[in-house]
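Residue numbers in the sequence shown follow our numbering, run continuously in steps of one, and reach 104 at the last position.
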Amino acid sequence: MAQQEILTLATQKSGRLNTHTQKLLQEAGIYFENGGVTKLKSPATNFPLQILYLRDDDIPSTIDDGIADAG
């Protein structure tokens with residue numbers, strides 16, 4: 034069986050961008066383990082997606098380094 038690829042999304046760990054991202058994903062029906070609020074990395078429970086919660090200054094370099102797919 035082939036392993037499913039997981040999309041990694043980097044987002045701000047707190048603040049306005051985090052709030053908007055969480056709302057958008059919830060409206061799309063995507064939910065995360067432990068609500069996705071207390072960890073550095075939170076996998077979705079019903080979609081091949083994980084979120085990395087980072088400082089906003091670290092998001093571009095995390096994408097450039099290939100650690101995250103989008104931010």
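In this text, a Cβ means the ideal position worked out from N, Cα and C, and glycines have one as well.
All values reported here derive from a predicted model rather than from experimental measurement.
{"Check": "Pairs of beta-carbons, one from the segment 59-66 and one from the segment 87-95, closer than 8 Å: are there three or more?", "Outcome": "no"}
{"Check": "Rounded to whole angstroms, what is the Cα-Cα separation between Ala-101 and Leu-42?", "Outcome": "6 Å"}
{"Check": "Could you please give the first and the last residue of the uninterrupted beta strand (DSSP E) stretch that includes Gln-83?", "Outcome": "82-87"}
{"Check": "Report the option in Ile-92, Pro-76, Thr-44 whose CA atom is closest to the CA atom of Glu-38.", "Outcome": "Pro-76"}
{"Check": "Nearest to Phe-65 by alpha carbon, out of Thr-78, Leu-73, Thr-54?", "Outcome": "Thr-78"}
{"Check": "Using a Cβ-Cβ cutoff of less than 6 Å, which residues in the same chain neighbour Gly-104 once the five nearest sequence positions on both sides are dropped?", "Outcome": "Ala-43, Ile-92, Ile-96"}
{"Check": "Out of curiosity, what's the CA-to-CA distance linking His-53 and Asp-98?", "Outcome": "25 Å"}
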